[in-house]
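Chains as they are written, first to last, in my numbering: chain A, 1271 to 1464; chain B, 3 to 951; chain C, -12 to 423; chain D, 134 to 223. Think of the CB as a built atom: it goes at the ideal place given N, C-alpha and C, for glycine as much as any other residue. These numbers come from a predicted model, not from an experiment.
1. Taking only the alpha-carbon atoms, compute the straight-line gap between residue 404(B) and residue 389(B) and give it to the nearest angstrom.
2. From the beta carbon of residue 419(C), is the nearest beta carbon of chain D less than 8 Å away?
3. With DSSP collapsed to three states, give me the class of residue 236(B).
4. Tell whether a beta-carbon distance below 8 Å holds between residue 555(B) and residue 342(C).
5. When you compare the stretch 396 to 415 of chain B with the stretch 273 to 282 of chain B, are there three or more beta-carbon pairs, one atom per stretch, that lie closer than 8 Å?
6. Measuring only the C-alpha atoms, how far is residue 1353(A) from residue 572(B)?
7. Starting from residue 300(D), trace the beta strand (DSSP E) both ways and give me its first and last residue.
8. In chain D, which residues lie with their C-beta within 8 Å of the C-beta of residue 309(C)?
9. One question on the structure: do residue 201(D) and residue 195(D) come within less than 8 Å of each other, judged by their Cβ atoms?
10. Is it the case that the Cβ atoms of residue 1428(A) and residue 1296(A) are separated by a distance below 8 Å?
11. Thinking C-beta only, is residue 162(D) closer than 8 Å to residue 848(B)?
12. Using 10 angstroms around the beta-carbon of residue 25(C), count the other beta-carbons present and answer buried if the total reaches 16, otherwise exposed.
13. Listing by chain order, which chain A residues have their CB less than 7 Å from the CB of residue 782(B)?
14. Nearest chain A C-beta to residue 438(B) closer than 8 Å, yes or no?
15. Near residue 585(B), which residues of its chain fall below 8 Å by C-beta distance, leaving aside the five closest residues on each side in sequence?
16. Distance, Cα to Cα, residue 122(B) vs residue 10(C)?
17. Could one say the Cβ of residue 628(B) lies closer than 8 Å to chain D's Cβ atoms, at least one of them?
18. Please state the DSSP three-state secondary structure of residue 333(B).
19. Whose CA, out of 147(D), 179(D), 159(D), 174(D), lies closest to the CA of residue 250(C)?
20. Given this structure, state the Cα-to-Cα distance separating residue 250(B) from residue 1430(A), to the nearest angstrom.
21. Kindly confirm or deny that the stretch 463 to 478 of chain B and the stretch 510 to 525 of chain B touch, where touching means at least three C-beta pairs closer than 8 Å.
22. Starting from the C-beta of residue 53(B), find all residues in its chain whose C-beta is less than 6 Å away, skip the five residues before and the five after it, and write them out in chain order.
23. Please identify, using Cβ separations under 8 Å, the residues of the stretch 84 to 95 of chain C that lie next to chain B, in order along the chain.
24. Check each residue of the stretch 400 to 418 of chain C: if its Cβ is closer than 7 Å to any Cβ of chain D, include it; give the result in chain order.
25. Can you give me the C-alpha to C-alpha distance between residue 1349(A) and residue 689(B), rounded to a whole angstrom?
26. With DSSP collapsed to three states, give me the class of residue -9(C).
27. For the stretch 523 to 532 of chain B against the stretch 316 to 323 of chain C, are there 3 or more C-beta pairs whose distance is under 8 Å?
28. For residue 678(B), which residues of its own chain have a beta-carbon under 6 Å away from its beta-carbon, when the five flanking residues on both sides are left out?
29. Helix, strand or coil: which one does DSSP assign to residue 139(D)?
30. With burial defined as no fewer than 16 other Cβ atoms inside 10 Å of the residue's Cβ, what is the status of residue 783(B): buried or exposed?
31. Write down every uninterrupted run of the alpha helix (DSSP H) in the stretch 301 to 380 of chain C whose length is 4 residues or greater and which is fully enclosed by it, in chain order.
32. Do you know offhand how far residue 340(C)'s Cα is from residue 272(C)'s?
33. On a Cα-Cα basis, can you pick out the residue from 869(B), 761(B), 125(B) that is closest to residue 738(B)?
34. Please work out which residues of its chain come closer than 7 Å, Cβ to Cβ, to residue 175(C), disregarding the five sequence neighbours upstream and downstream, and give them in chain order.
35. Do you know offhand how far residue 415(C)'s Cα is from residue 262(C)'s?
36. When we look at the beta-carbon of residue 720(B) and count the other beta-carbons within 10 Å, is it buried (16 or more) or exposed?
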């Protein structure tokens, strides 16, 4: 048998860009991501994960927890951090029914960072990106360039930064659409990775 | 009239140091930076710009702005460009439209001679006989179509869009609009100020005397110092539900045009007023212009509009125009004051020019007639918000009545006043808008999960305590004692409207439809009120009684390119797609998916699968991950068959119906663990089935514990099919006993494939061959595919595409939902009646299927043409003998490489469904051929021995 | 023929080129197209809805059956609803034999309408292309073509080369996102001036004695003997109509409305399989004529024709959300423009001048509901979805026959309301995409 | 573009949702007569006024819920808040 295979990103075509670097798009699809769902009495799971719907929180082990839908969370980070965060969730006391599945391969993930990121995003998404409506830590789902995405604002050192998740099969399309939208703001493509 | 360039004007917007050269009807011209096309041409002495639509009458400048019906020109491949608005650019190729053979010698002007026969709606009354000649008449009429030309090579250039969520949008940057924007911004609102013209200031821009100049400078400075987002050469084209606004930016540094879609919390409507033409004999003659046009020409572009003028004025703006004319050196030969009851009756002269003006029986020689007869309130945006403006005869214009609370009017639309009064009203409107926007913002924020928490109650809805603007008296000047043009872009005269009303087309809408008045380029901005006035006059009623028409979006025309924008069309590809592309794939679009159709020779691909082994990328196959204890209940509800006893490691086929019993989707579902299943759907049905499942779970069975997650693209799916598939799979799979005894048909196993853990595979097969369907974490799909190709090289492994699969499934007689079934196919028609368990307590569509058990339904059957070489078209009709009676149709047909003959599926009436029944199939060519119904759906290996091997 | 003789008592001047010239020379005015009369207290039949369907029904009642004591009521003006808001396309290339037979008859009546009604309705038989962008769509086109041919309707599937010949401005290359793989070509399809049809029927009906009453709103339908409140509902019969201008007694009420069909029927206690959705349309500024045929794309939800005035007229599928509000939307024009440019990139500089919408009553099987109801004397001609205009003449003819004879004519039997009790829907549902 | 008050996400453009139409109860399939069942399948009140209807927040929370809207004006009644039982189908 061959060596353990490496992760193939949905983005197979990238681009040379001539931007200033003030706005950066990075493909981080390889990041480990899990989907956690709870139904019935979700309080116990919510207490463990934090991040009520619409918000995000950092788990003790370093994973990022996004309250992506009512009773749904996306947990992302390094494989170890995510494993720690979701460990034993299915057996949390007091929850009616909890499930967790590894969604790493199901979702493409991009990070967009820069002061003009909100202006770039408003070209392709109808959400209100102003601070009161979408503050740092906010999580929402919406259509981006006609693709349904989960979006989380996760600022980097005071600079607006956004995580955008979409179906893996649409990853290349969305990547291209984001580059097109960011062009007028001097977007550069960052090194792929985590 | 003779126009020429004046010496430098203090208010002018042209840069005389920058000369721009361009062409007009093939001849060289020049103008200055800041000129519009029309002002440059006017300064160069041009006074005829177009020919009218019906009578091809020469037309000159009327309003010198965007709405001027006479200034539509072709610029390169851009038709119907507003020469009164579009700024001149170096190298422009400008041409007159609707002229033949040329602007100055237009043969169709002869139409004017027979105008008494070409009354409005004349075409309804003639050309009926002989009927066969109407197409010929029609071809001739079509040559009269006005407008520019579409160049067939025009590309869709870079048009762009963005969304916006301003607190306040102010439409119109005159003094009131600017004050509204400033006041709202000062109150903390996010404000967007949208100006149709190229610069803010409204009428202050072309107002000569102080204090207008100082006020303009002050407002501009305040705007520059504010946070207001100012968009010029931009228009709020429409107000839609919940203050959804379309705003087109015609000048943009990156895009040709940009459409902004704004959800404004409050819209302030401040477009000012539009000067209305006056109806009298010869009112469309070159040389007759509005007072605003005269002032714009003189003050903005330094153009002298004529030598000797008559001014017809009924208001202060007309008086100002007279003053401007004198200052510009135009001799004002007469002033006809409409406030004294005096009227202009006729403008006379040769077709292309003005020689004299008749007023009160006096004839005055002049080459220019400047008309200030009153105003139209452009209430479009208020109309779109549901308001019905009301006519005030004392002020001779319409006013807003009761717009919704998130739409406020200010400026000339709201009333009259001194400049300081208009500014104060604008500022008060801006403050009110900001207060109300704050209440809306509070509500949005409080209800949006992701937003910052808000404190306190929603602010109260601020009451409208603005002091209303007064309404100046204005004489009702619509038509003089002569008849003239009402709609210059449609060549509809007041006579036409009177005649239409007398014929019974006496409501505004009927008269509009009958005469086409207001249907032209200005969409009623100039002509609506005169149209209403003409009908009112004919009916002996007041304008208020006749009412107005509904102004429909857009406020100003916008290009299809701007509306289309970037045209996002998502496409999906599997993770194996790069391999397909590198290996000569022919793709096919299936919904959003780009899929391999074949790699050059689908028949060869089929033969390879039947003899060796083939692999196909079936990633788009819909996949839903199901978790939870109540999954069997869910499956029992969704599928027509029973699911309670499916063991772990087993896979079962199921068919889903809608509540009317029509086949909705089908696929297999496997049990991976005690409370873990994987459901597959058709590729095209994946999204719909997911919503359907969620609907059942959320609304009908909310107490069931099942989580459904779409994982279609989380896995790359590869079907390995063919007699050598077991051998191939065994070379890449670890830890699974693949023997038929240990891993039987319709079973599922978890496996490590080519070093990739977390894969699972099941033994099913659409192709009818021994086959293994591998579902691999998508980030390793390409790796596994390549591993299979490498490992199977000596087995003759090759890829196959959708076409090969379609052929093989047809050889096996498997139907495809949506191809062999249609929107009325009930489940029993598929021949799958044993899978319809009417003894279940409930499932989607159960009652209809129970009742359908007694009905004679069409059936899907396998069919073979008697001549093996003839492949009927899919959709060829099955008929009764030589008659045209339809008894069914072919739904799928292919040449089978395996059997060497044509094979089909079809739907037939039940009496024809028995094996051996002879059918007549009508081909598209008209030929009727014989065909036979087969005993089984499967043309090939009906016992399924290969599959189960 | 008693009624026709009675109906011919008014002899207004005929429309013709000669009359036009004569009146033009003399400056004579034309008489009113239809009279303005007092609303009577009783009629032999009342038609609700002064659109093409209602007016055609009244016209054929008078012309074919001699029933001239008929009032057509409209709450606004004649043709103010869907009749004046549609994109005026006519065609007969439907999917089912019953659909084809019905619409083919309609097309025949359109063909002779100008002479029948003595008004130029400007029927432009310019051909109709329904584009297919996928194998599946092409299969449906083939299906329609085959059924059409069996019914004697000129219809065939053509390839990209032929399409390019018929409509050179279409992008038939294989690189667009929605490549044009073929089309159903239907030469007899075309466009008609919809307003002229309204006015022509009204004028001709008026000549025979039918009364048109505008601004006359039906507030209630008076019934007796039914199983519902106030005598409405199944088993009852109609006795009259209450309007904003007073009550009318009549034994027959024909509901020919679009957009208000559910509401009018509810007045008689009849529930319909209808939801009401707006259908939007838009028109551009004129340019020189370049598009000689009607172009439809089902998968792109767009249809396009160019008028003799040079405007491009666009339509689309109905809005997804049911509503009686017809203010129109921006997203409609955005999507429309995008789809038009997919087909014809060269028109990106043309400007959209005006958008509007009308109401469409959608049924579950994309077919109308016609004929008798469980309430005696209450007939419906409703549920016309997006295809009511093309069916107006034949609907009027057949509904008039139903009223006059008391029997359901064969041509409209498949469209009976009772099909929704038995679940035997009409097969047009098979071709669910837009099919204008 | 209607602004639909999603009980979970807040005000959202109608393009983000799927319209589910008039809300109506499903008859018991065991006892429903053909007329009752087909009434459920096909017949609609289709009022010009307040209507209870279902929506699916396709691009947002992916929840089906019921709202009341005036079909003459497209105005929504004050929306149910998260957790409110009004959010379930009738």
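Reading off the structure:
1. As a working mapping, residue 404(B) is identified with position 402 in the second chain. As a working mapping, residue 389(B) is identified with position 387 in the second chain. Taking the straight line from one Cα to the other gives about 6 Å.
2. By one-based count along the third chain, residue 419(C) stands at place 432. Any answer about residue 419(C) is weak, because its pLDDT of 45 lies below 50 and its placement is not dependable; what the coordinates show is given next. Not an interface residue.
3. The residue you call residue 236(B) lines up with position 234 of the second chain. Residue state, collapsed to three classes: strand.
4. Along the second chain, one-based indexing puts residue 555(B) at 553. Along the third chain, one-based indexing puts residue 342(C) at 355. Against a cut-off of 8 Å, the Cβ pair of residue 342(C) and residue 555(B) comes out as a contact.
5. The stretch 396 to 415 of chain B vs the stretch 273 to 282 of chain B: in contact.
6. To locate residue 1353(A), count along the first chain from 1; it is residue 83. To locate residue 572(B), count along the second chain from 1; it is residue 570. Cα-Cα distance, rounded: 33 Å.
7. With chain D covering only 134 through 223, there is no way to say anything about residue 300(D).
8. Your numbering for residue 309(C) matches position 322 in the third chain. For residue 309(C), the residues of chain D that pass the 8 Å Cβ criterion are 152, 154, 155, 179, 184, 186, 204, in the order they occur in the chain.
9. Mapped onto the fourth chain, residue 201(D) falls at position 68. Mapped onto the fourth chain, residue 195(D) falls at position 62. No, the pair does not count as a contact, with Cβ atoms beyond the cut-off.
10. The residue labelled residue 1428(A) in the question sits at position 158 within the first chain. The residue labelled residue 1296(A) in the question sits at position 26 within the first chain. Their beta carbons are not under 8 Å apart, which means residue 1428(A) does not touch residue 1296(A) by this criterion.
11. Mapped onto the second chain, residue 848(B) falls at position 846. Mapped onto the fourth chain, residue 162(D) falls at position 29. By the CB criterion at 8 Å, residue 848(B) and residue 162(D) fall inside the cutoff.
12. Here residue 25(C) refers to the residue found at position 38 of the third chain. So residue 25(C) counts as exposed.
13. Numbered from its first residue, the second chain carries residue 782(B) at position 780. At a C-beta separation below 7 Å, residue 782(B) has these neighbours in chain A: 1275, 1278.
14. Working through the second chain from its first residue, we reach residue 438(B) at position 436. Residue 438(B) is outside the set of residues whose beta carbon lies under 8 Å from a beta carbon in chain A.
15. Counted from its first residue, the second chain places residue 585(B) at position 583. Correct list, in chain order: 601, 801.
16. Start at 1 with the first residue of the second chain, and residue 122(B) comes out as number 120. Start at 1 with the first residue of the third chain, and residue 10(C) comes out as number 23. Looking at the two C-alpha atoms, the distance is approximately 13 Å.
17. Residue 628(B) sits at position 626 when you count from the first residue of the second chain. Not an interface residue.
18. Numbered from 1 along the second chain, position 331 holds the residue referred to as residue 333(B). Shown here, residue 333(B) sits in a strand according to DSSP, grouped into three states.
19. Position 263 of the third chain, counted from the start, is the residue given in the question as residue 250(C). Nearest option by C-alpha distance: 179(D).
20. Numbered from 1 along the second chain, position 248 holds the residue referred to as residue 250(B). Numbered from 1 along the first chain, position 160 holds the residue referred to as residue 1430(A). Distance between the alpha carbons of residue 250(B) and residue 1430(A) is about 28 Å.
21. Contact fails: fewer than three Cβ-Cβ distances are below 8 Å.
22. Taking the second chain and counting its residues from 1, the one referred to as residue 53(B) is at position 51. For residue 53(B), the CB contacts under 6 Å within the same chain, skipping 5 residues up- and downstream, are 100, 101, 108 in chain order.
23. Taking a C-beta cut-off of 8 Å against chain B, the contacting residues of the stretch 84 to 95 of chain C are 84, listed in chain order.
24. Here the close residues are 407, 408, 410.
25. For this step, residue 1349(A) is matched to residue 79 along the first chain. For this step, residue 689(B) is matched to residue 687 along the second chain. Looking at the two C-alpha atoms, the distance is approximately 30 Å.
26. For the purposes of this step, residue -9(C) is identified with residue 4 of the third chain, where counting begins at 1. Residue confidence for residue -9(C) is low, a pLDDT of 41 falling below 50, so the modelled location carries little weight and cannot support an answer.
27. No: the two stretches stay apart, fewer than three of their Cβ pairs being nearer than 8 Å.
28. Residue numbering aside, residue 678(B) sits at position 676 when the second chain is read from its first letter. Sequence-distant Cβ neighbours of residue 678(B) in its own chain, meaning closer than 6 Å and more than five residues away, are 629.
29. Taking the first residue of the fourth chain as position 1, residue 139(D) is located at position 6. Correct three-state label for residue 139(D): strand.
30. Counting from one through the second chain, the residue named residue 783(B) turns up at place 781. Burial call: buried.
31. Taken in chain order, the complete alpha helix (DSSP H) segments of 4 or more residues contained in the stretch 301 to 380 of chain C are 317 to 330.
32. For the purposes of this step, residue 340(C) is taken as the residue at position 353 of the third chain. For the purposes of this step, residue 272(C) is taken as the residue at position 285 of the third chain. Straight-line Cα distance between these residues: approximately 6 Å.
33. Stepping through the second chain from its first residue, residue 738(B) is reached at position 736. Of 869(B), 761(B), 125(B), the residue nearest in Cα terms is 761(B).
34. By 1-based counting over the third chain, the position of residue 175(C) is 188. If the five residues before and after residue 175(C) are omitted, its C-beta is found closer than 7 Å to the C-beta atoms of 79, 94, 112, 141, all from its own chain and listed in chain order.
35. Working through the third chain from its first residue, we reach residue 415(C) at position 428. Working through the third chain from its first residue, we reach residue 262(C) at position 275. The straight-line gap separating the alpha-carbon atoms of residue 415(C) and residue 262(C) is approximately 17 Å.
36. The count along the second chain starts at 1 and reaches residue 720(B) at position 718. Under this definition residue 720(B) is a buried residue.
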